[in-house]
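Quick notes on the structure that follows.
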Amino acid sequence: DTAVSQTPKYLVTQMGNDKSIKCEQNLGHDTMYWYKQDSKKFLKIMFSYNNKELIINETVPNRFSPKSPDKAHLNLHINSLELGDSAVYFCASSPSGGSNQPQHFGDGTRLSIL
Amino acid sequence: GNSVTQMEGPVTLSEEAFLTINCTYTATGYPSLFWYVQYPGEGLQLLLKATKADDKGSNKGFEATYRKETTSFHLEKGSVQVSDSAVYFCALSDYTGKLIFGQGTTLQVKP
Chain A
3 DTAVSQTPKY LVTQMGNDKS IKCEQNLGHD TMYWYKQDSK KFLKIMFSYN
53 NKELIINETV PNRFSPKSPD KAHLNLHINS LELGDSAVYF CASSPSGGSN
103 QPQHFGDGTR LSIL
Chain B
41 GNSVTQMEGP VTLSEEAFLT INCTYTATGY PSLFWYVQYP GEGLQLLLKA
91 TKADDKGSNK GFEATYRKET TSFHLEKGSV QVSDSAVYFC ALSDYTGKLI
141 FGQGTTLQVK P
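In order, the protein sequences belong to chains A and B. If you want the numbering used here, it's the 1-based position in the first sequence plus 2. If you want the numbering used here, it's the 1-based position in the second sequence plus 40.
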């Protein structure tokens with residue numbers, strides 16, 4: 003009965019590869035997000051979707067492509083992985099994206115590029 | 041642009057000590073303010089929130105008051121426990137709904 007679930011939890015891969023991270027929420031929320039947490043634990047928004055529509059795209063390289071097949075899922079595909087992509091990626095959701103609504107986070111996907 | 045600044049960590053306290061983690065923000069408009077906590081190997085959990093000036097958020101003995109005049113949202117707890125050891129993030133949410141985080145403060149509580 004996990005609210006926001008991400009797979010995989012760990013991802014170790016070589017530079018130049020393409021990989022995907024999946025996220026699903028069972029809270030009935032309309033809005034989903036991707037955040038990146040770097041090695042110093044700093045968190046920064048990457049994307050947000052509201053009911054399958056892209057709302058926020060924060061100066062992220064176009065090697066990163068989010069896809070939302072329905073409002074319960076937001077996947078992140080990364081092409082041509084680089085060393086600097088090593089980080090923990092968190093998916094989150096909120097009811098409708100309003101500023102006063104807390105966001106619910108998944109447990110994160112730790113991506114390590116060799 | 042909008043930003044959040046937290047006190048540098050790590051903060052090391054003995055059990056039952058008083059905790060304050062400072063947080064100040066810069067924002068246009070009327071943001072909502074949040075404290076999130078991250079335990080090792082886990083995602084972020086909402087600790088408390090405040091959506092307008094002078095609101096006090098509270099949960100599990102933690103409190104923070106939205107102070108517009110000093111643009112602050114300091115986190116306090118009267119008596120910390122070893123189980124409170126974690127990383128604490130102050131964040132604001134602007135009109136777009138995205139969260140802007142401070143750099144996080146690591147709290148270590150020793151028995």
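Just so you know, even glycine gets a beta-carbon here, dropped at the ideal spot from N, CA and C. Quick caveat, the model's predicted, so the values are computed rather than measured.
Identity of the residues DSSP links to residue i by a beta bridge
{"i": "residue 104 of chain B", "result": "B:97"}
{"i": "residue 112 of chain A", "result": "A:12, A:90"}
{"i": "residue 131 of chain B", "result": "B:74, B:141"}
{"i": "residue 97 of chain A", "result": "Answer is none; residue 97 of chain A lacks a bridge partner."}
{"i": "residue 103 of chain A", "result": "Answer by DSSP bridge pairing: none, since residue 103 of chain A is not bridged."}
Interface flag, residue i vs chain B, CB-CB below 8 Å
{"i": "residue 32 of chain A", "result": "no"}
{"i": "residue 23 of chain A", "result": "no"}
{"i": "residue 102 of chain A", "result": "yes"}
{"i": "residue 47 of chain A", "result": "yes"}
{"i": "residue 58 of chain A", "result": "yes"}
Residue-level contact to chain A via CB, residue i, 8 Å cutoff
{"i": "residue 64 of chain B", "result": "no"}
{"i": "residue 46 of chain B", "result": "no"}
{"i": "residue 125 of chain B", "result": "no"}
{"i": "residue 83 of chain B", "result": "yes"}
{"i": "residue 72 of chain B", "result": "yes"}
{"i": "residue 135 of chain B", "result": "yes"}
{"i": "residue 113 of chain B", "result": "no"}
Beta-carbon proximity list for residue i, same chain, < 6 Å, skipping 5 on both sides
{"i": "residue 77 of chain B", "result": "85, 87, 126, 128"}
{"i": "residue 32 of chain A", "result": "52, 53, 73, 98"}
{"i": "residue 97 of chain B", "result": "88, 89, 90, 104"}
Rounded distance between the beta-carbons of residue j and residue i, thought under 8 Å
{"i": "residue 137 of chain B", "j": "residue 100 of chain A", "result": "6 Å"}
Close Cβ partners of residue i (< 7 Å) along its chain, the five nearest in sequence each way excluded
{"i": "residue 54 of chain B", "result": "150"}
{"i": "residue 59 of chain A", "result": "49"}
Residues near residue i by beta carbon distance below 8 Å, same chain, minus five either side
{"i": "residue 15 of chain A", "result": "21, 83, 113, 114, 115, 116"}
Which residue spans inside the stretch 23-87 of chain A form an unbroken beta strand (DSSP E) run of at least 3? 33-39, 45-52, 55-59, 66-72, 75-80
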